[in-house]
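Chemist: Numbering (full-length UniProt numbering), first residue to last: 1 to 102.
To start, I am sharing the structure in question, which I have written as structure tokens.
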């Protein structure tokens, strides 16, 4: 069965869009190390600095580490949901195109 190439859009842009989103999901996994590492690093040094100034033991260190941990998780969850929605849209477009070609 021949496809009419004049009336049907090319599937290649849809596949490229889907693949680009998959690549972004992979990069998100790599970003997780930075999303936890940088805030934890900053919280560690800021907490130690404030604890040294006020002589509070490790109170501020723990507070800042907990805040950094929670904020990192919030950012990761938000980013994952955003990319998952985009990937689902791309998958739907490819699936609809393939079904229209049957």
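All C-beta atoms, glycine included, are put in the ideal place defined by N, C-alpha and C.
Are the Cβ atoms of residue 30 and residue 79 separated by less than 8 Å?
Modeler: Contact: no.
Chemist: Tell me whether residue 55 sits in a helix, a strand or coil according to DSSP, three-state version.
Modeler: Three-state result, residue 55: coil.
Chemist: Classify residue 68: buried if its beta carbon has 16 or more other beta carbons within 10 angstroms, exposed otherwise.
Modeler: Classification of residue 68: buried, given that the 10 Å Cβ count is 16 or more.
Chemist: When DSSP labels each residue in this structure, what does residue 101 get in the three-state scheme?
Modeler: Residue state, collapsed to three classes: coil.
Chemist: If you draw a straight line from the alpha carbon of residue 39 to that of residue 51, how long is it in whole angstroms?
Modeler: Each residue's alpha carbon lies about 18 Å from the other.
Chemist: Where does residue 77 sit, in a helix, a strand or coil, going by DSSP?
Modeler: Residue 77: helix per DSSP, three-state reduction.
Chemist: Let me know the secondary structure DSSP gives residue 1 once reduced to three states.
Modeler: Interpretation of residue 1 is limited by its pLDDT of 46, a score under 50 that renders its predicted location unreliable; the figure taken from the coordinates is listed afterwards. Coil at residue 1, not helix or strand.
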